[in-house]
Amino acid sequence: MGKNLTSRAEDYSKWYNELVVKSDLAENSGVRGCMVIKPYGYAIWEKMQAQLDKMFKETGHENAYFPLFIPKSYLSKEASHVEGFAKECAVVTHYRLKNAEDGSGIVVDEDAKLEEELIVRPTSETIIWDTYRKWIQSYRDLPLKINQWANVVRWEMRTRLFLRTAEFLWQEGHTAHATREEAIEEAELMMHVYAEFVENYMGVPVIKGTKTASERFAGAEETYCIEALMQDGKALQAGTSHFLGQNFAKAFDVKFATKEGGQEYVWATSWGVSTRLMGALVMTHSDDNGLVLPPKLAPIQVVIVPIYKGMDQLDAISEKVEPLVMQLRAKGISVKYDNRDTHKPGFKFNEYELKGVPVRLAIGQRDLENGTYEVARRDTLEKESVSAAEIVGKVEALLEDIQRNVYQKAIDYRAEHITRVDSYEEFKKVIEEKGGFVSAHWDGTPETEDKIKEETKATIRCIPLHEEQEEGTCMVTGKPSLQRVLFAKAY
51 MGKNLTSRAE DYSKWYNELV VKSDLAENSG VRGCMVIKPY GYAIWEKMQA QLDKMFKETG
111 HENAYFPLFI PKSYLSKEAS HVEGFAKECA VVTHYRLKNA EDGSGIVVDE DAKLEEELIV
171 RPTSETIIWD TYRKWIQSYR DLPLKINQWA NVVRWEMRTR LFLRTAEFLW QEGHTAHATR
231 EEAIEEAELM MHVYAEFVEN YMGVPVIKGT KTASERFAGA EETYCIEALM QDGKALQAGT
291 SHFLGQNFAK AFDVKFATKE GGQEYVWATS WGVSTRLMGA LVMTHSDDNG LVLPPKLAPI
351 QVVIVPIYKG MDQLDAISEK VEPLVMQLRA KGISVKYDNR DTHKPGFKFN EYELKGVPVR
411 LAIGQRDLEN GTYEVARRDT LEKESVSAAE IVGKVEALLE DIQRNVYQKA IDYRAEHITR
471 VDSYEEFKKV IEEKGGFVSA HWDGTPETED KIKEETKATI RCIPLHEEQE EGTCMVTGKP
531 SLQRVLFAKA Y
């Protein structure tokens, strides 16, 4: 099984596209701009989903489901929201088809026009806040903390598997609170939950921060974000959490009776991550041989490949391997024993290397005689011989070490690609030649932000949180700046 992957150095974008397809994560579909997530790719998404769902529930959220279709009038109730999404909306105008009179096929029935057009969900704030009006009457109904797992449609013209598709999978949380402070606390909490997941499970280091006014979610007063850095020096927004103020509550008239007997609008948040995280996972860790998956999210954590001549040898190996499979599974480790007789061991080695399986065990006749296994780790490609008596402990330790190692490698890469600059000329040079995050002073105006974006294609990825305030002067205008912000070219 030849991998024949374009190398990252040769063409990073082509490497990524080939890897996603060849490793069986996803493929393009018959619908332009939409993808098919294949079983192996979906298994990774399911592990992500399961862990995130657990974390949401541990922080007091419940799951619900809201309609795919949103009446056009709902979207127009919050002005900045509709302006932010208007160019990406898919619109349903009719509800029936019919056979063409000339027999040429099926056409839209012009008599079946909807009284009001329906928008295919680009995000659910409007339909959810219309619902919350019925659910929230009093302070006793608050806080209301709901999440939904769903698909959304944002009509993208230039698409790339996982990173930008017309339809994608995600979760979206929508919460209502009695006070501004409580809502801000919720938005910040979810940013921290996302960061914990992305770092501890995906092995991807992130920088927490807030977005500039021009980069905020449409309709938000503040957008919190986690930003990751890919191996080509481009940034990727890995998750966002929004403090929506009372904008949606006012648009949909969602009030509550206070303890004192008055009426007030509730305070809102929304937050989400999507299958875009799959792209981040691939691009952060993988190499020219294929995927490198962190063990916590790998569908198969350990694969065992028998090397044999004849069925007698296979039977003897299987007899040895089957108890090991049971032992590992009892430890919560996902194991595959690949005893297919339709493929040679070399093919299997290539296949599991391409698919990023963290640990591979091989056992042949000599191993059987010596009571050993050949152990290979995917992240470093190192191999060693381990005795059968020590193999379970070795595998457990290896999985933990690989999880740590992929994260540390990504941390080291990011550390090498955060550059502090003070002049605009230096900024342009770093953005063009080195890439990565560039830490620089900005005067806080959208005009300067737009100028930098237009001239360099770099955007302000975030205003970092919890960093020391370092006053200075804007690298472009020389005007005062309160702190450095992070710029990068981005996906």
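Going left to right, the sequence shown walks through residues 51 to 541 as my numbering numbers them. For every residue, glycine included, the Cβ atom is placed at its ideal position computed from N, Cα and C. Source: prediction; values computed, not measured.
Quiz item: Going by alpha carbons, who is nearest to Arg-266 out of Val-316, Ser-63, Ser-320 and Gln-313?
Solution: Ser-320
Quiz prompt | Pairwise C-alpha distance: Leu-327 and Pro-344 | solution = 13 Å
Self-check item: Chain-order list of residues whose beta-carbon lies under 7 Å from that of Gln-363 (same chain, five-residue window excluded)
Solution: Gln-415
Exercise. Pick out whichever of Gly-329, Ile-234, Lys-284 and Asn-54 has its Cα sitting closest to the Cα of Gln-296.
Key: Ile-234
Quiz item: When the Cβ atoms of the stretch 282–294 are set against those of the stretch 490–502, are three or more pairs found closer than 8 Å?
Solution: no
Exercise. Express the C-alpha separation of His-467 and Tyr-402 in angstroms, rounding to a whole number.
Key: 31 Å
Quiz item: In or out: Lys-539 buried (at least 16 other Cβ within 10 Å) or exposed?
Solution: buried
Quiz item: Under 8 Å between C-beta atoms, does Tyr-358 make it to chain D?
Solution: Chain labels in this structure do not include chain D; a single protein chain is all it has.
Quiz item: Just the Cα atoms here: how many angstroms apart are Ala-100 and Lys-107?
Solution: 11 Å
Quiz item: Just curious, the alpha helix (DSSP H) that Trp-179 is in, first and last residue?
Solution: 175–185
Self-check item: Alpha-carbon spacing of Lys-398 relative to Leu-239, whole angstroms
Solution: 44 Å
Exercise. Less than 8 Å between the CB atoms is what I'm expecting for Thr-527 and Thr-498, so what's the real figure, rounded?
Key: 6 Å
Practice problem: For the alpha helix (DSSP H) holding Leu-446, just list the boundary residues, first then last. | Solution: Checking the sequence shown, residue 446 turns out to be Glu, not Leu. That run of the alpha helix (DSSP H) goes 441–466.
Quiz item: What number of angstroms, rounded off, separates the C-alpha of Ala-150 from the C-alpha of Lys-163?
Solution: 17 Å
Exercise. Using the Cα positions of Arg-410 and Met-333, report the straight-line distance between them to the nearest angstrom.
Key: 22 Å
Practice problem: Find the nearest neighbour of Gly-406 within the set Pro-121, Gly-486, Ser-63 and Asp-338, judged by alpha-carbon distance. | Solution: Asp-338
Practice problem: Leaving aside the five residues before and after Lys-27 along the sequence, list all residues of the same chain whose C-beta is less than 8 Å from its C-beta, in chain order. | Solution: The structure shown does not extend to residue 27, since the chain is modelled only from 51 through 541, so no value can be given for it.
Quiz item: Do you know offhand how far Ile-354's Cα is from Asn-420's?
Solution: 17 Å
Quiz prompt | Close beta carbons around Ala-268, own chain, < 7 Å, minus the five adjacent residues each side | solution = Ser-130, His-131, Glu-133, Gly-134 and Phe-135
Quiz item: What residues in its chain sit with their C-beta under 8 Å from that of Val-141, if we drop five residues either side in the sequence?
Solution: Lys-122, Glu-167, Leu-168, Ile-169 and Val-170
Exercise. Starting from Tyr-315, trace the beta strand (DSSP E) both ways and give me its first and last residue.
Key: 313–315
Exercise. Return the CA-CA distance between Arg-511 and Ile-357, expressed in angstroms with no decimal places.
Key: 50 Å
Quiz item: Terminal residues of the continuous beta strand (DSSP E) containing Phe-218?
Solution: 217–227
Quiz item: With distances taken from CA atoms, which of Ala-76, Ala-318 and Asp-74 is nearest His-224?
Solution: Ala-318
Self-check item: Assigned secondary structure, Lys-478 (DSSP; H/G/I helix, E/B strand, else coil)
Solution: helix
Quiz item: Are Gln-281 and Tyr-457 touching if we call contact CB-CB under 8 Å?
Solution: no
Exercise. Please report the residue range of the beta strand (DSSP E) in which His-144 lies.
Key: 140–144
Exercise. Return the CA-CA distance between Gly-153 and Glu-314, expressed in angstroms with no decimal places.
Key: 60 Å
Self-check item: Pick from Glu-138, Trp-220 and Ile-350 that is closest to Trp-205, judged by C-alpha positions
Solution: Glu-138
Quiz item: Relative to the alpha-carbon of Val-442, which residue among Gly-485, Val-371 and Leu-431 has its alpha-carbon at the smallest distance?
Solution: Val-371
Quiz item: Going by DSSP, which residues form a beta bridge with Met-85?
Solution: Asn-78
Quiz item: Applying the criterion that 16 or more other CB atoms from any shown protein chain within 10 Å of the CB defines a buried residue, is Glu-236 buried or exposed?
Solution: buried
Quiz item: Which stretch, first to last residue, makes up the beta strand (DSSP E) that contains Gly-269?
Solution: Element bounds for Gly-269: n/a, residue is neither H nor E.
Quiz prompt | Where Arg-190 sits in the DSSP three-state scheme | solution = helix
Exercise. Give a yes or no on whether the C-beta atoms belonging to Ile-513 and Val-480 are separated by under 8 Å.
Key: no
Quiz item: For Glu-68, which residues from the same chain have a beta carbon less than 7 Å from its beta carbon, with the 5 sequence-adjacent residues on both sides left out?
Solution: Leu-55 and Thr-56
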